[in-house]
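Accompanying notes for the structure given below.
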Amino acid sequence: MTAPTISRLFSRGITRTLLTPHPVEHYVRSLGVTWSDDPTGATVVAVDRPVADVTVITLRLPAGVDRPAPGAALEIGVVVDGVVHRRHYSPVDSASRSDGLATIAVRRHPGGVVSEHLWSEASPGMRLLLGNPVGEVTLPEARPTDVLLVSGGSGITPMLSIASTLAGEGHCGDGSAGRVAWLHYARRVEDVPFRDRIRELSRAGVEVRVVPTADVNPSDSSDLSDSSDPSPRGPAGHLTAGHLDEVAPWHADATVFLCGPEGLADGLADALGAERYADVLRERFTASNGPVPEGDGGTVTHVKSGVSAHNAGTTLLEGAEAAGLSPKHGCRMGICHTCTAVRVSGATRDLRTGEVDTEPGCLVQICVSAPVGDVEIDI
Amino acid sequence: MTLLQLPTIRSKKPKAEKTAATAPDPVVLSAESVEIIGRELDAIRDRVVADLGTADRDYILRVVRTQRRLELTGRALMFLGFLPPAWLAGVAALSASKILDNMEIGHNVMHGQYDWMRDDMLHSSSFEWDNVCPSDQWRHSHNYMHHTHTNILDLDRDIGYGILRMEYEQPWNPLRLGNPLYAFGLMMAFEWGVMLHDLEYDNVLKGKRKWSDVKGLLAGWWGKMRGQVAKDYIVHPALTGPLFPLTFAGNLTANLVRNVWAFSVIFCGHFPSGAQVFTQEETAEETRGEWYVRQMLGSANISGSPFMHLATGNLSHQIEHHLFPDLPAHRYPEIAEEVRALCEEHGLPYTTGPLWKQVANVWSKMFRLALPLPPTPADTPAVLIERRKMTPAA
Ligand code: FES
Chain Z
332 MTAPTISRLF SRGITRTLLT PHPVEHYVRS LGVTWSDDPT GATVVAVDRP
382 VADVTVITLR LPAGVDRPAP GAALEIGVVV DGVVHRRHYS PVDSASRSDG
432 LATIAVRRHP GGVVSEHLWS EASPGMRLLL GNPVGEVTLP EARPTDVLLV
482 SGGSGITPML SIASTLAGEG HCGDGSAGRV AWLHYARRVE DVPFRDRIRE
532 LSRAGVEVRV VPTADVNPSD SSDLSDSSDP SPRGPAGHLT AGHLDEVAPW
582 HADATVFLCG PEGLADGLAD ALGAERYADV LRERFTASNG PVPEGDGGTV
632 THVKSGVSAH NAGTTLLEGA EAAGLSPKHG CRMGICHTCT AVRVSGATRD
682 LRTGEVDTEP GCLVQICVSA PVGDVEIDI
Chain C
131 MTLLQLPTIR SKKPKAEKTA ATAPDPVVLS AESVEIIGRE LDAIRDRVVA
181 DLGTADRDYI LRVVRTQRRL ELTGRALMFL GFLPPAWLAG VAALSASKIL
231 DNMEIGHNVM HGQYDWMRDD MLHSSSFEWD NVCPSDQWRH SHNYMHHTHT
281 NILDLDRDIG YGILRMEYEQ PWNPLRLGNP LYAFGLMMAF EWGVMLHDLE
331 YDNVLKGKRK WSDVKGLLAG WWGKMRGQVA KDYIVHPALT GPLFPLTFAG
381 NLTANLVRNV WAFSVIFCGH FPSGAQVFTQ EETAEETRGE WYVRQMLGSA
431 NISGSPFMHL ATGNLSHQIE HHLFPDLPAH RYPEIAEEVR ALCEEHGLPY
481 TTGPLWKQVA NVWSKMFRLA LPLPPTPADT PAVLIERRKM TPAA
């Protein structure tokens, strides 16, 4: 790539002035230029469906857009029925990967708009929208000496990136100072994608176990005893303190990373004790919408102002006003769009259509939206 | 709370005697009809909302693509501005680009018509148009002030923009003699008028508006104006080197063409004869049905070809736009059939006419209102709305 890259040229003031008020990226997008440097989009270069229900997609990132740090996620936008749906996926790649590609794995959820769409539609050449990378937890620049990784289900991807990065840096294995152990929980071993990569990590010195949590059926045991599998024998069932001791007897002083469902987090909290659990670095699942709670109303947390209040099912605007806030608004009837605010999490009902929406990070009109269960809103 | 029907009919008192001899009897719309109309319009809205999808997205992206191509073509042709046909073609392309940008794209996107797509590029909360008025101020002055209070005297500031006498209910004084002249000035500088709209300068003069309210607007104007002026009058002309004056003149002309066009279309939306105005008491505590009926009675359409509708940003379907300001505008033509049928069924006027006729009508009204003349029969309200009153249960 020749310097300066086109995206850097984009950010120059003069170009912005020439095209004001529309950002340069919008010209690129709306003119349909498939331009590898378009910073708002990524091109799919390869698609693989290695196990039932997981789509593995390799993306070419535009020049100037860096892969997120190990453990963090890319924001991917997919258009389904005219609507852009955004999700976060952690690339599995090691930080040392330098070819501009990023691999993500998308597990298909029943009824999941994005995961179903990518499962059936993703193919090389497809364009995906790209947002800013996000991540609550990433591998620190100063690498911890001992690292324990715990993951479940889709939580495998950020851990793969962290483990690959550490292994690539020679952080573990013979003669190195550090130790890295990884427990990954899945219903069955054969549901786990990237088993080849996991085997490589094992050879590179990562103590890795893939733990089946479903009851092991005798007919499956052939798979489990297959010596090429990462965990031919070892822990099974849900996480216990015994699993930690078996795989990482030294874990008391290790830095612990966690990415997985609530049940797994509870198990880890029990095993470590509350005090130690408080230090666990947890990457939350952001990939899917939460379930819709039963019944209207809930606790509304106003993120900017830090005020929480119960709302029995009236509009978010009235609720905020009752709690002493004065959010921006106009018509109070859903037509002016001056009251729009980000619903950080939770579900809201559009009082005009009755429809409930749970997509995280979406803009909603607070004058015609009511909470369904607990909601966080950015006002 | 129970709904109690009161047989009171609100009427326009002052006008009644002056025009009683010539004006046709107004249609009286019963409270039941108002509720029925409200329910039917809600049903139309629900149906369209449920049907939004890929086709609507493709449509607006196609319009955006066309607009961007026109703009780039116009800018490129300015480099050949020394050839008169190229200069003219450049001005035409740029004018068309600005009209599309402001009307079918900007106005409609800022109404939130495409918010459902959740696409940052076309979301009301972040979109900026090729116009000196900052979009957040526009959402306040237009989406809120005008659309909520459509045609309510002293609340809807679009009635004359604080400068013009557009309705007989606005009192006459000798300054009104300049009405057509002010209108002409506003037309030529329309984007600047739109920018200043949220200032409510008359309220500032009367001391009804605090300096602190105004101060917030200034930063927005400066930020937006700077980029717009630099682009059209400095950077692009400078890029064409010795052709600076020609490019400058070309860009100025394109902005003027857009101003005249936008003014003309917008003034046809509420002021042709047939569109009614309302008082604040008449519209206090409106029901949803009453709100809908006011939107219908207060707006006027422009008839014409699909191309005309596109060029007006579908504001040629002002009636439908005021009923459903947040539905994608390219859906209005299909909705219009049903709205019109609904009006006919209930004996309501559905004001429409070709562009030239509506423009002539508006200008003649601006001339007449410069003088202290009584209203013509065509300017008396055609519909009286019987209102339901909410009364607490005993
Ligand atoms: S206040 Fe106007 S849309 Fe919410």
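Note that the protein sequences, when read in sequence, are chains Z and C.
Under the numbering used here, the first residue of the first sequence carries the number 332, and numbering increases by one thereafter.
Under the numbering used here, the first residue of the second sequence carries the number 131, and numbering increases by one thereafter.
Even for Gly, the Cβ is constructed at its ideal location relative to N, Cα and C.
Have a look at residue i and residue j and give me their C-alpha separation to the nearest angstrom.
i, j, result
"C/R287", "C/M275", "7 Å"
"Z/S553", "Z/V520", "Confidence at Z/S553 is low in this model, with a pLDDT of 34, below 50, so the placement of that residue should be treated as unreliable; the coordinate-derived value is given next. Between Z/S553 and Z/V520, the C-alpha separation is close to 11 Å."
"C/P484", "C/I229", "19 Å"
"Z/G568", "Z/L362", "53 Å"
"C/S429", "C/G308", "26 Å"
"C/G292", "C/A313", "11 Å"
"C/A180", "C/K495", "41 Å"
"Z/T374", "C/T442", "37 Å"
"C/V221", "C/R195", "19 Å"
"Z/A494", "Z/E707", "33 Å"
"C/A512", "Z/N463", "56 Å"
"Z/P489", "Z/S454", "23 Å"
"C/H366", "Z/S657", "43 Å"
"Z/M457", "Z/V415", "15 Å"
"C/D284", "C/E297", "11 Å"
"Z/G650", "C/K345", "30 Å"
"Z/C693", "C/T280", "30 Å"
"Z/V355", "C/S256", "15 Å"
Mind checking if residue i is an interface residue toward chain Z, Cβ cutoff 7 Å exclusive?
i, result
"C/Y274", "yes"
"C/E467", "no"
"C/E420", "no"
"C/A414", "no"
"C/D343", "no"
"C/M251", "yes"
"C/E258", "yes"
"C/H279", "no"
"C/P264", "no"
"C/G242", "yes"
"C/A151", "Any reading at C/A151 must be qualified, since the residue scores a pLDDT of 48, below 50, and its modelled position is unreliable; the value itself is stated next. No, no contact with chain Z."
"C/G183", "yes"
Apply the 10 Å Cβ neighbour rule to residue i and answer buried if 16 or more other Cβ atoms are within range, or exposed otherwise.
i, result
"C/Q410", "exposed"
"C/R106", "This structure leaves residue 106 of chain C out entirely; chain C is present only between 131 and 524."
"C/S403", "buried"
"C/G419", "buried"
"Z/K713", "Any property of residue 713 of chain Z remains undetermined from this structure, which presents chain Z solely from 332 to 710."
"C/D328", "buried"
"C/A349", "exposed"
"C/E475", "exposed"
"Z/T689", "buried"
"Z/V623", "exposed"
"C/F408", "buried"
"C/W486", "exposed"
"Z/E614", "buried"
"C/P502", "exposed"
"C/V158", "exposed"
"C/K361", "buried"
"C/G236", "buried"
"C/P507", "exposed"
Output yes if chain C places a C-beta closer than 7 Å to the C-beta of residue i; else output no.
i, result
"Z/G344", "no"
"Z/H448", "no"
"Z/H668", "yes"
"Z/C698", "no"
"Z/S553", "Low local confidence applies: a pLDDT of 34 at Z/S553 is under 50, so the model's placement there is unreliable, with the coordinate-based value given in what follows. Cβ-Cβ to chain C under 7 Å: no for Z/S553."
"Z/P658", "no"
"Z/L589", "no"
Using 8 Å as the cut-off, can you tell me whether the segment 588-598 of chain Z makes contact with the segment 469-489 of chain Z, which would need three or more C-beta pairs spanning the two stretches below that distance? yes
If you pair each beta-carbon of the segment 442-453 of chain Z with each one of the segment 467-476 of chain Z, do three or more pairs fall below 8 Å? no
Completely contained alpha helix (DSSP H) runs for the segment 562-589 of chain Z, where each covers 4 or more residues: 572-578
Taking only runs of the alpha helix (DSSP H) that begin and end inside the segment 353-388 of chain Z, which ones reach a length of at least 4 residues, in chain order? 355-361
On the three-pair Cβ rule with 8 Å, is the segment 205-216 of chain C touching the segment 362-381 of chain C? yes
How do the segment 444-451 of chain C and the segment 295-311 of chain C stand: do at least 3 beta-carbon pairs fall below 8 Å, yes or no? no
Length-filtered (4 minimum) alpha helix (DSSP H) runs lying within the segment 624-664 of chain Z: 647-653
At a cut of 8 Å, does the segment 225-239 of chain C reach the segment 161-174 of chain C through at least three beta carbon pairs? no
Between the segment 571-582 of chain Z and the segment 501-517 of chain Z, do three or more beta carbon pairs fall short of 8 Å? yes
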